[in-house]
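Participant: The structure's right below; bear with me while I get my questions together.
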Amino acid sequence: MPNLTREQGITRTSIIGVIVNVLLSGFKALIGLISGSISIVLDAVNNLTDAVSSVVTIVGIRLARKKPDEKHPFGHGRIEYFSAIIVAGIVIAAGVTSLYESVQKIFHPEMPDYSAASVIIVAAAVLVKIILGRYVIGQGKKYQSEALVASGSDASFDAILSASTLLGIGITLLFHITLDGWIGAVIAVFIIRAGWEILMESVSSVIGNRPDSEVSRAIRGTVSDHPEVLGAYDLVLHDYGPDYAIGSVHIEIPAEMTADQIHRLTRAISEEVMQKYHVILTIGIYAIDSSHQELRESIHRTAMEHAGVLGTHAIYIDDQEKTITIDVITDFEVDRAALKEDLEGHIQEYLPGYRADINFDNNFSD
494 MPNLTREQGI TRTSIIGVIV NVLLSGFKAL IGLISGSISI VLDAVNNLTD AVSSVVTIVG
554 IRLARKKPDE KHPFGHGRIE YFSAIIVAGI VIAAGVTSLY ESVQKIFHPE MPDYSAASVI
614 IVAAAVLVKI ILGRYVIGQG KKYQSEALVA SGSDASFDAI LSASTLLGIG ITLLFHITLD
674 GWIGAVIAVF IIRAGWEILM ESVSSVIGNR PDSEVSRAIR GTVSDHPEVL GAYDLVLHDY
734 GPDYAIGSVH IEIPAEMTAD QIHRLTRAIS EEVMQKYHVI LTIGIYAIDS SHQELRESIH
794 RTAMEHAGVL GTHAIYIDDQ EKTITIDVIT DFEVDRAALK EDLEGHIQEY LPGYRADINF
854 DNNFSD
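Final position of the sequence shown in the numbering used here is 859; the numbers increase by one with none missing.
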């Protein structure tokens, strides 16, 4: 089979999900209505929501592929996250409705009438959903689709829920007691929980997640591999879809480099990062003067004595302006006012009369 594009792979996987879930839903609904089992009917409803979710995923990926325009210059990739939110809403709504119906069955129980066919269909559904869940999750990871991973995770949950339905059928057939309403309630709770988790993960992506550690470290490593780069810092990545990001990074370079040399270096870094990671990277420059190495090391050691300080960089001594500029990376709980006072006092001991210009950076990426 030829290699598929990301859109083609996600679409094909979603179509497979739609077909499988529609078939399962139809068979389960028929068996549930004939036997009078609310748990089987709700299992069918759950499969139907999976089919609708797959349709939403297909629509989402198509809309996300729209080219950038004047109103949306960064493209439409984030639509995929909204499609996952819609999927979550569908799942939660189905769960709440299912819970209501199940509670009604708990207070007004009816003995279902199961046949051999119902047992066989529910048992087969468990196996099918296990296979489908593993397949969809695998494809979701392959194509970096949160919506597919969410659908696959939901399918895996469905296998467990169908197994609980099968257990309930067995108890009814063996002991002539019904747990139908209770099993339906358990299924509903799991559906709601799965929908909530999908919703929170998708909303988090829309708000802006911390970049994946593996990716951020790889990008920083690629930048630092250039021999002229003395250090790479302040990497920030803005996600505009699963395969498109815009970011910025600051690099330390020798102060004696010319504008021509800097241009060639930054151009080479940007092109390499774009080719390897599909990230449009803007590069800022920190000039490093080797004549003040001892002072830079002393300032760094003093800063690192404070809890929550993760590093320093861009330490530059301007003898003409009598200024020392420093960037300090901290976590989000550091008392920056106290740290600034301590560093300013330390600098005054080394270079009286120099003004400290201290900039605090958040720890945006690993």
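All residues carry an ideal CB built from backbone N, CA and C; glycine is no exception.
Taking only three categories from DSSP, how would you classify Asp606?
Facilitator: The answer is coil: DSSP assigns Asp606 none of H, G, I, E or B.
Participant: Just to confirm my understanding: we take Arg848, look at its own chain, exclude 5 residues before and 5 after, and list those with CB closer than 7 Å. What are they?
Facilitator: Answer for Arg848: Lys815 and Thr816, listed in chain order.
Participant: For the alpha helix (DSSP H) that Arg789 lies in, which residues bound it at each end?
Facilitator: Taken as a continuous stretch (DSSP letters only), the alpha helix (DSSP H) holding Arg789 covers Gln786 to Met797.
Participant: For the beta strand (DSSP E) that Glu745 lies in, which residues bound it at each end?
Facilitator: Segment Ala738 to Pro747, the beta strand (DSSP E) holding Glu745.
Participant: Report the option in Pro720, Asp718, His743 and Gly724 whose CA atom is closest to the CA atom of Leu730.
Facilitator: Closest by alpha carbon: His743.
Participant: Would you kindly report the start and end of the unbroken beta strand (DSSP E) that includes Asp820?
Facilitator: Asp820 -> beta strand (DSSP E) spans Thr816 to Thr823.
Participant: From Ser649 to Gly626, what does the alpha carbon distance come to, in whole angstroms?
Facilitator: Approximately 5 Å between the Cα atoms of the pair.
Participant: In this structure, does DSSP put Ile773 in helix, strand or coil?
Facilitator: If DSSP states are grouped into helix, strand and coil, Ile773 belongs with the strands.
Participant: Pro602: which of Val619, Ile739 and Ala678 sits nearest, CA to CA?
Facilitator: Considering only alpha carbons, the answer is Ala678.
Participant: Among the candidates Glu694, Asp782 and Arg710, whose CA atom is the shortest distance from the CA of Asp811?
Facilitator: The shortest C-alpha separation from Asp811 is found at Asp782.
Participant: Determine the burial state of Met494: buried for a count of at least 16 other Cβ atoms within 10 Å of its Cβ, exposed for fewer.
Facilitator: Note that Met494 scores 47 on pLDDT, short of 50, meaning its location in the model is unreliable; the coordinates nonetheless yield the value given after this. Exposed.
Participant: Runs of 3 residues minimum, wholly inside the region 672 to 732: which ones carry the beta strand (DSSP E) assignment?
Facilitator: Entirely contained in the region 672 to 732, the beta strand (DSSP E) runs reaching 3 residues are, in chain order, 724 to 732.
Participant: Look at the Cβ atom of Ser655, then the Cβ atom of Val612, and state whether they are nearer than 8 Å.
Facilitator: Going by C-beta atoms, Ser655 is not nearer than 8 Å to Val612.
Participant: Given a cut-off of 8 Å on the beta-carbon distance, is the pair Ser608 and Ser528 in contact?
Facilitator: Yes, they are a contact pair.
Participant: Sort Glu790, Glu826, Gln813 and Ile533 by Cα distance to Leu836 and report the nearest one.
Facilitator: That would be Glu790, whose Cα lies nearest to the Cα of Leu836.
Participant: What are the boundary residues of the beta strand (DSSP E) that Val552 is part of?
Facilitator: No beta strand (DSSP E) holds Val552; the alpha helix (DSSP H) holding it covers Ile531 to Ala557.
Participant: Can you tell me whether Ala725 is buried or exposed? The criterion is at least 16 other CB atoms within 10 Å of its CB, across all chains shown.
Facilitator: When all chains shown are included, Ala725 counts as buried.
Participant: Just how far apart, CA to CA, sit Glu826 and Ala652?
Facilitator: About 43 Å.
Participant: For Leu774, which of Gly801, Ile762, Pro720 and Ala780 has the nearest alpha-carbon?
Facilitator: Ranking Gly801, Ile762, Pro720 and Ala780 by Cα distance to Leu774 puts Ile762 first.
Participant: What do you get for Phe683, buried or exposed, if any count of 16 or more other CB atoms within 10 angstroms of its CB means buried?
Facilitator: Counting Cβ neighbours within 10 Å, Phe683 comes out buried, since at least 16 surround it.
Participant: What does DSSP give as the partner residue(s) for Ile778 in the beta ladder?
Facilitator: Partner(s): Ile744.
Participant: Cutting at 7 Å between CB atoms, please list the residues of its own chain near Arg505, excluding the five before and the five after it.
Facilitator: Excluding sequence neighbours, Arg505 sits near Leu497.
Participant: Shortest alpha-carbon distance to His799 belongs to which of His785, Ala830, Thr818 and Ala780?
Facilitator: Checked all of His785, Ala830, Thr818 and Ala780; the closest Cα to His799 is Ala830.
Participant: Take the Cβ of Ile624 as the centre, count every other Cβ of all protein chains shown within 10 Å, and call the residue buried at 16 or more, exposed below.
Facilitator: Exposed, since its Cβ has fewer than 16 Cβ neighbours within 10 Å.
Participant: Would you check if the distance between the CB atom of Tyr733 and the CB atom of Glu639 is smaller than 8 Å?
Facilitator: Their beta carbons are not under 8 Å apart, which means Tyr733 does not touch Glu639 by this criterion.
Participant: Taking C-beta to C-beta, are Ile641 and Thr550 nearer than 8 Å?
Facilitator: For the sequence presented, residue 641 should be read as Leu rather than Ile. In this structure, Thr550 lies closer than 8 Å to Leu641 by Cβ.
Participant: Please classify Gln841: is it buried, with 16 or more other beta-carbons within 10 angstroms of its beta-carbon, or exposed?
Facilitator: So Gln841 ends up on the exposed side.
Participant: Over the uninterrupted beta strand (DSSP E) stretch that includes Gly804, give me the two end residues.
Facilitator: Looking at the DSSP string, the run of the beta strand (DSSP E) that includes Gly804 is Val802 to Asp811.
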